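A.B. asks: With UniProt numbering, the residue at position 343 of the sequence shown is 345, and numbering never jumps.
Built from N, CA and C at the ideal position, the CB exists for glycine as well.
In this text, all values refer to a predicted model and were calculated from it rather than measured experimentally.
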Amino acid sequence: AASLPASVEALSLQSTAQKSQFANCFPTLNPMDIYRQHIAEELAKAADIDAQKIYPRIAWTSTLDKGDLSLPVASLQIKQKNPVELAKELASKFPASDLIHPPTPLGPHIQFFCKPKPLTDNVLGRILKEKSAYGTNGNQGQKDPFDPSKGQKKIIIEFSSPNIAKPFHAGHLRSTIIGGFLANIYTVMGWDVIKMNYLGDWGKQYGLLANGFKYFGNEEALVKDPINHLFDVYVKVNRQVSEQEGPIKELKEQIKAKKEKSEDVAELETELAKLVDVSEDEKARRYFKSMEDGDPEALALWRKFRDLSIEKYKQTYARLNIDFDVYSGESQIKSESMTDAYKLMEQAGVSEKSEGAVIVDFTKHGAKKLGKAIIVRKDGTPLYLTRDIGAITERDNEYHFDKMIYVVAAQQDLHLAQLFKVTELMGHKDLASRCQHINFGMVRGMSTRKGTVKFLDDILRDVGDKMHEVMKKNEVKYSQVEDPEKTADILGITSVMVQDMTGKRVNGYDFNLDAMTSFEGDTGPYLQYAHARLCSMARKSELDVNELVNANFDLLTEQHAVDLVRLLAQWPDVLLQTAKTLEPITVLSYLFKMTHMLSSSYDVLKVIGSEPDVKQARMALYASARQVLHNGMRVLGLSPVERM
Ligand code: ARG
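1) Taking only the alpha-carbon atoms, compute the straight-line gap between T425 and H402 and give it to the nearest angstrom.
2) For the stretch 377-391 against the stretch 166-182, do three or more pairs of beta-carbon atoms, one drawn from each stretch, fall closer than 8 Å, so that the two count as touching?
3) Run the proximity test for G173: is its beta-carbon closer than 8 Å to any non-hydrogen atom belonging to ligand 1?
4) So M448 packs on G392, CB below 8 Å; how close in whole Å?
5) When the Cα atoms are used, what is the spatial distance from G153 to Y188?
6) May I ask you to report which of helix, strand or coil DSSP gives G494?
7) Please classify S626: is it buried, with 16 or more other beta-carbons within 10 angstroms of its beta-carbon, or exposed?
8) What number of angstroms, rounded off, separates the C-alpha of K291 from the C-alpha of S497?
9) What's the gap between the Cα of I461 and the Cα of Y315?
10) May I have the straight-line CA-CA distance separating D524 from L593, to the nearest angstrom?
11) Closest to F457 by CA distance: which of I250, L184, K168, D342 is it?
12) According to DSSP, simplified to helix, strand and coil, what is A8?
13) Whose C-alpha, out of A135, A619, F442, is nearest the C-alpha of L550?
14) Would you be able to state if there are at least three C-beta pairs under 8 Å between the stretch 428-446 and the stretch 608-617?
15) Nearest by alpha-carbon distance to I180: which of K133, V500, D283, K608 is it?
16) Cα separation between S17 and C27?
17) Just to confirm the assignment, what range does the beta strand (DSSP E) spanning D194 have?
18) Is the stretch 568-575 touching the stretch 54-71 in the sense that three or more CB pairs, one from each, lie closer than 8 Å?
19) Taking buried to mean at least 16 other C-beta atoms within 10 Å of its own C-beta, is Y604 buried or exposed?
20) Quick one: give me the first and last residue of the alpha helix (DSSP H) that Y57 is part of.
21) Using only the alpha-carbon positions, how far apart do S591 and A563 sit?
22) Is P104 close to ligand 1? I mean its beta-carbon at under 8 Å from any heavy atom of the ligand.
23) Say yes only if the C-beta of H430 is nearer than 8 Å to one or more non-hydrogen atoms of ligand 1, and no if none qualify.
24) How many Å lie between L108 and K90 at the Cα?
25) With 16 as the cutoff for other CB atoms within 10 Å, does G358 come out buried or exposed?
26) Based on Cα-Cα distance, which residue from R568, I229, A98, G639 lies nearest to T122?
27) How many Å lie between R38 and N124 at the Cα?
28) By the three-class DSSP mapping on this structure, what secondary structure does S99 have?
29) Assign M635 to one of three DSSP states: helix, strand, or coil.
30) Measuring alpha carbon to alpha carbon, tell me which residue in S333, K371, T388 is nearest V360.
31) Can you name the residues that DSSP bridges to Y511?
32) Which same chain residues end up closer than 7 Å to E560 when comparing Cβ atoms and leaving out the 5 residues on each side of it in sequence?
33) Check G368 in the structure and name its three-state DSSP category.
34) Taking Cβ positions, are H430 and V410 nearer each other than 9 Å?
35) When you compare only the Cα positions, how much space is there between V465 and M646?
36) Who does K355 pair with in a DSSP beta bridge?
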């Protein structure tokens, strides 16, 4: 599993594109582009329309019964023609073709169906040769698709971003899954992707944690399990804080009452000052102040917590096939970046003083919905938003990115909108326009069997255990799995991820352990099962996989086989579409469509027991399906299993 992220990168290595007369047309990468090109050229000749106008309008179809490609004729903007009539007219003018059947007009559309033989030869031939590269399009991420020397476009994807010593909650889980997926999509589209984790690793709570560690900490426990141990310490010291809050509050009330009666409060005030002075909250404030002032000892302890936590996070991320290029965080933002930002805001007349603090009142700058935001507190300290403002400019200066995506829960919609608006108001309009917030809804009820969840590892362990139980039920198969624990772990992770990627990102969902680990319905285990079954079929066929490309594809005449090929032909278009929607469901629903088609094909297109040449041709088809399923699963961040 450790080598997985690297091999996703290998997916984007492309043979050089052949130049076409059409923009965004890559016949060497995408079989459907051959057809688009053919249709545009033939229709242009036959009906005397500019081929350049036709080409970009030829769309892929969401279901195969609508054709392999379709042209909404209204989009050609031919005046004074009724689209329904025009569709009929153009379809009838289309000349006989070796590649496609005579087109069918349907309402204002023309549907094009590929002739099976050339499509099958092309698609299966490609998949069996290109393997994991099939469907990827490295040219999309090049500054100039036909001149690699111009370099790749660069994108920063900031995701996961948990807070040290606090629970890794469902929001972080979703950000991790979606962010990992986005990184894969941009990678296979040929972008230079920087995966960044922006840790919550700074603030008064680290003062609290450091002091807490002196009372409750244990070196050994820290090294062994830093994330859980630091969380324990944090909970304990927070308990002290709340215990101390009571008496302090009481004294404050007494003082208030006495003051109202104009009684002397000097004595009580001294008492209060003493209480506050020795309180954990105040100690934490002082400790954090020393961190801000660069006290080496304070920083060393904080760095140790941070480093150990990152080490641990890395192991967990590896289970999800994710490795970050940069562990940044709130602590890493230079104070100069923030002061520079204040200056710019002041010069631009964006910020203003309000009760000792510096604020931005968005309502005065054409953004009513964004309300007001504090930029600098009364005591001069920066906030979450302030650090993000510093971070956005630092990243721009350091990486010169073409695009940056923040994968953060919808609860922070306002925060990100304020960040982008401030950036714009500060005079960095171009920078703001290169940034995008990819948000997502909430997961409800994420808990382990033992109770509410604290950390990702707890969840993954639980789902893994559950899958292990399921696997044990089939003794024969179970005995053939090489490392059942590992497989159960992968299946568990797949369950969680597939559940998360089912449905659009903005929708929340209920965390449901039973549903996600079931083999019924469109679940992770079902997807893995479909892949494992194709692997098993290949093993049992005892055919040489390297010879499959030489099979006689003419024997694949059944409708099931033809439709499967047509679906496989769509994969490059599905990836292109996904690069637009940035929704995992675009890939996932395609993969489930394929698994459904496969399971209805097994009885019709038998491998075992068929004539040798038929057997080889069908196996070539199934091996191609397995390859595309594999490619799709990898883009989603899953590890396809060969046995389960
Ligand atoms: N650590 C934050 C949290 O847990 C998420 C950070 C999101 N990214 C950002 N640049 N603000 O809420």
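C.D. replies: Looking at the atomic coordinates:
1) Approximately 16 Å, taken between the alpha carbons.
2) No: fewer than three Cβ pairs fall under 8 Å.
3) At least one heavy atom of ligand 1 is nearer than 8 Å to the Cβ of G173, so yes.
4) Between the beta-carbon of M448 and that of G392 there is about 32 Å, and that puts the pair past the 8 Å contact cut.
5) Approximately 15 Å, taken between the alpha carbons.
6) Note: G494 maps to helix in three-state DSSP.
7) Label assigned to S626: buried.
8) Cα-Cα distance, rounded: 44 Å.
9) Those two C-alpha atoms are separated by around 14 Å.
10) C-alpha separation (whole angstroms): 10 Å.
11) The shortest Cα separation from F457 among I250, L184, K168, D342 belongs to K168.
12) Only weak support exists for where A8 lies, its pLDDT of 43 falling under 50; the value from the coordinates is given anyway. If DSSP states are grouped into helix, strand and coil, A8 belongs with the helices.
13) For the set A135, A619, F442, the Cα lying nearest the Cα of L550 is the one of A619.
14) Under the Cβ criterion (8 Å, minimum of three pairs), the stretch 608-617 does not count as touching the stretch 428-446.
15) The shortest Cα separation from I180 among K133, V500, D283, K608 belongs to V500.
16) At S17, the pLDDT of 43 sits below 50, so the modelled position is not reliable; the number obtained from the coordinates is stated separately. Annotation: S17 to C27 spans about 14 Å, alpha carbon to alpha carbon.
17) Its beta strand (DSSP E) spans residues 194-201.
18) In short, these stretches touch, since the Cβ pair count reaches three.
19) Looking at its Cβ environment, which holds fewer than 16 other Cβ atoms inside 10 Å, Y604 is exposed.
20) Where Y57 is concerned, there is no enclosing alpha helix (DSSP H), given that its DSSP letter is neither H nor E.
21) Distance between the alpha carbons of S591 and A563: 20 Å.
22) It does not: the Cβ of P104 is nowhere closer than 8 Å to a heavy atom of ligand 1.
23) Not one heavy atom of ligand 1 sits closer than 8 Å to the Cβ of H430.
24) Their Cα atoms are separated by approximately 8 Å.
25) By the neighbour-count rule (16 or more Cβ atoms within 10 Å), G358 is not buried but exposed.
26) R568 is the residue among R568, I229, A98, G639 whose C-alpha sits nearest the C-alpha of T122.
27) Their Cα atoms are separated by approximately 15 Å.
28) Judged by DSSP in its simplified three-state form, S99 adopts coil rather than helix or strand.
29) Note: M635 maps to helix in three-state DSSP.
30) Scanning S333, K371, T388 for the CA closest to the CA of V360 turns up T388.
31) Bridge partners of Y511: V445.
32) Cβ within range, chain order: V606, L607.
33) Three-state result, G368: coil.
34) Contact flag unset, no.
35) Taking the straight line from one Cα to the other gives about 15 Å.
36) Looking at the DSSP output, K355 shares a beta bridge with V360.
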